[in-house]
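Q: Take a look at this one; I'll ask things after.
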Amino acid sequence: MTRLSIEQVDRCAAQLLASGRRPRIAVLLGSGWSPIVQRVADPLRLPYASLPGFPAVDLAGHAGEVVMGRLGEHEVAVLCGRRHAYEGGDAAAMKGAIAALAACGVEVLVQTNAAGSLDASMRPGEFMMLADHINLVQQSPLLGETGSQRFVDMRHAYDPSLRAQARTAAARLGIPLHEGIYAWVLGPQFETPAEIRMLQRLGAQAVGMSTVPETILARHAGLRVLAFSMFTNMGCGLQDETLSHAHTLGVAQAAAPLAADLLETAVASLEL
Ligand code: HPA
220 MTRLSIEQVD RCAAQLLASG RRPRIAVLLG SGWSPIVQRV ADPLRLPYAS LPGFPAVDLA
280 GHAGEVVMGR LGEHEVAVLC GRRHAYEGGD AAAMKGAIAA LAACGVEVLV QTNAAGSLDA
340 SMRPGEFMML ADHINLVQQS PLLGETGSQR FVDMRHAYDP SLRAQARTAA ARLGIPLHEG
400 IYAWVLGPQF ETPAEIRMLQ RLGAQAVGMS TVPETILARH AGLRVLAFSM FTNMGCGLQD
460 ETLSHAHTLG VAQAAAPLAA DLLETAVASL EL
């Protein structure tokens, strides 16, 4: 379990603020979404390793740095890389990062991920905005928190007003944007066909190994959340293919330019 002292969060926030930047939006990049970084104006790079409480990340395609800059008129902090619960069993691995961003005045967390599709109408290479999630792992990044604030209301985990704005941005670009429910599985193994059928019956349209802990952390910190999945594959057994991380990254790479268009426009046009 990640434990943080107030001093550690304050030190990290002070370091972020020393950059002179004042982001109100943080963007957390998952597999396939990193080309957005090239669209950040006036970039300033801060390695996670230099920021107290930020995690060590070591997965291919995850750089482990914060890029401060602008998307449209908005000052943003783009987080390149997350530490997943499957890497060390810690659902609170991103706690320090999110707490420090909140302490610096960040108000919105925009999350991105790669996911498997559970719905025949949502194809690899397409995008889904999260309308809700299922914490199937039933782990919480808030274990060890005290006080009444830990009983976070999750009714509007994914902010309805931000979602409406993202819907409009996607329509303007002509990028189809599905909406649905994301089920969090621990991984790192992919699901079995029986597990995929179970997730379908539970009412989920997407399955993935991230995002949910960070949404909980962000809501606990008072941030509003918007989240996008990029489908890299159909859920195991729904299509005759063998799943692998290389396959995920390959499809993600092909969809990356469109993902960057969607994310850039969605973030730049947000009215907070
Ligand atoms: N399952 C879980 N996580 C994933 C998948 C999947 O099929 N594809 C990308 N991330």
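Oh and the sequence shown: position 252 is 471 in the numbering used here, straight run, nothing missing.
Here a beta-carbon is modelled for each residue, glycine too, at the ideal position from N, C-alpha and C.
All of these numbers come straight from a predicted model, not from anything done at the bench.
#1: In angstroms, rounded to a whole number, what distance separates the CA positions of Ala385 and Ser367?
#2: Which residues share a DSSP beta bridge with Pro490?
#3: Among residues of its own chain, excluding the 5 on either side of Leu491, which ones have a beta-carbon nearer than 7 Å to its beta-carbon?
#4: Apart from the five residues on each side of it in sequence, which residues of its chain come closer than 6 Å, Cβ to Cβ, to Pro262?
#5: Does the beta-carbon of Met373 have 16 or more other beta-carbons within 10 angstroms, so that it is buried, or is it exposed?
#6: Note the first and the last residue of the continuous alpha helix (DSSP H) segment covering Arg438.
#7: So what's Met417 in DSSP terms, helix, strand or just coil?
#8: Check the C-beta distance from Val486 over to Leu349 and give it rounded, since I have them as a contact under 8 Å.
#9: How about Thr484: is its Cβ closer than 6 Å to a heavy atom in the ligand HPA?
#10: Taking all protein chains shown into account, do 16 or more other C-beta atoms lie within 10 angstroms of the C-beta of Pro266, making it buried, or fewer, making it exposed?
#11: Any heavy atom of the ligand HPA within a distance shorter than 6 Å of the CB on Val371?
#12: Which partner residues of Tyr401 appear in the DSSP bridge assignment?
#13: How about the segment 331-345 and the segment 450-465: do they share at least three Cβ pairs that are nearer than 8 Å?
#14: Check whether the segment 228-245 touches the segment 409-423, taking contact to mean three or more Cβ pairs, one atom from each stretch, closer than 8 Å.
#15: For Phe450, write down the residues that DSSP places opposite it in a beta bridge.
#16: Cβ-heavy atom distance between Asn452 and the ligand HPA below 6 Å?
#17: State yes or no: is the C-beta of Val431 nearer than 6 Å to some heavy atom of the ligand HPA?
#18: Relative to the alpha-carbon of Trp252, which residue among Val297, Ala260, Ala275 has its alpha-carbon at the smallest distance?
#19: Just to confirm the assignment, what range does the alpha helix (DSSP H) spanning Pro379 have?
#20: Report the CB separation of Ala402 from Leu421 in whole angstroms; it is logged as a contact under 8 Å.
#21: Measuring straight from C-alpha to C-alpha, what distance separates Gln472 and Leu236?
#22: What are the boundary residues of the beta strand (DSSP E) that Ala296 is part of?
A: Walking through what the data contain:
#1: Counted from its first residue, the sequence shown places residue 385 at position 166. Counted from its first residue, the sequence shown places residue 367 at position 148. So the alpha carbons of these two residues sit roughly 32 Å apart.
#2: Taking the first residue of the sequence shown as position 1, residue 490 is located at position 271. The question names Pro, yet the displayed sequence has Glu at residue 490. DSSP links Glu490 through a beta bridge to no other residue.
#3: The sequence position of residue 491 within the sequence shown is 272, counting from 1. Contacts found: Arg243, Glu326, Val327.
#4: Your numbering for residue 262 matches position 43 in the sequence shown. Cβ neighbours of Pro262 beyond the five flanking positions: Val286, Gly288.
#5: Within the sequence shown, residue 373 is the residue found at index 154, counting from 1. The residue is exposed, with fewer than 16 neighbouring Cβ atoms inside 10 Å.
#6: The residue labelled residue 438 in the question sits at position 219 within the sequence shown. That run of the alpha helix (DSSP H) goes 431-439.
#7: Within the sequence shown, numbered from 1, the residue matching residue 417 stands at position 198. In this structure, Met417 counts as helix in the three-state DSSP scheme.
#8: Translated into the one-based positions of the sequence shown, residue 486 becomes position 267. Translated into the one-based positions of the sequence shown, residue 349 becomes position 130. So it is not a contact: roughly 16 Å between Cβ atoms.
#9: By one-based count along the sequence shown, residue 484 stands at place 265. No, the ligand HPA has no heavy atom inside 6 Å of this Cβ.
#10: By 1-based counting over the sequence shown, the position of residue 266 is 47. Exposed, since its Cβ has fewer than 16 Cβ neighbours within 10 Å.
#11: In the sequence shown, counting from the first residue as 1, residue 371 sits at position 152. No, the Cβ of Val371 stays beyond 6 Å of every heavy atom of the ligand HPA.
#12: Locating residue 401 in the sequence shown gives position 182, where the first residue counts as 1. Paired residue(s): His352, Ala425.
#13: yes
#14: Contact between the segment 228-245 and the segment 409-423 is absent, because fewer than three Cβ pairs lie under 8 Å.
#15: As a working note, residue 450 is residue 231 in the sequence shown. DSSP output for Phe450 lists Ala334 as bridge partner(s).
#16: Taking the sequence shown and counting its residues from 1, one reaches residue 452 at position 233. True, at least one ligand heavy atom lies under 6 Å from that Cβ.
#17: In the sequence shown, residue 431 corresponds to position 212, counting from 1. Answer for Val431: no, Cβ out of range of the ligand HPA.
#18: Along the sequence shown, read from residue 1 onward, the residue named residue 252 stands at position 33. It is Val297 whose Cα lies nearest to the Cα of Trp252.
#19: As a first step, residue 379 is located in the sequence shown; it is residue number 160 there, counting from the start. 379-392 is the extent of the alpha helix (DSSP H) around Pro379.
#20: Residue numbering aside, residue 402 sits at position 183 when the sequence shown is read from its first letter. Residue numbering aside, residue 421 sits at position 202 when the sequence shown is read from its first letter. That pair is a contact at about 7 Å.
#21: If you number the sequence shown from 1, residue 472 lands on position 253. If you number the sequence shown from 1, residue 236 lands on position 17. Rounded to whole angstroms, Gln472 to Leu236 spans 33 Å at the Cα level.
#22: Here residue 296 refers to the residue found at position 77 when the sequence shown is read from its first residue. Ala296 -> beta strand (DSSP E) spans 293-299.
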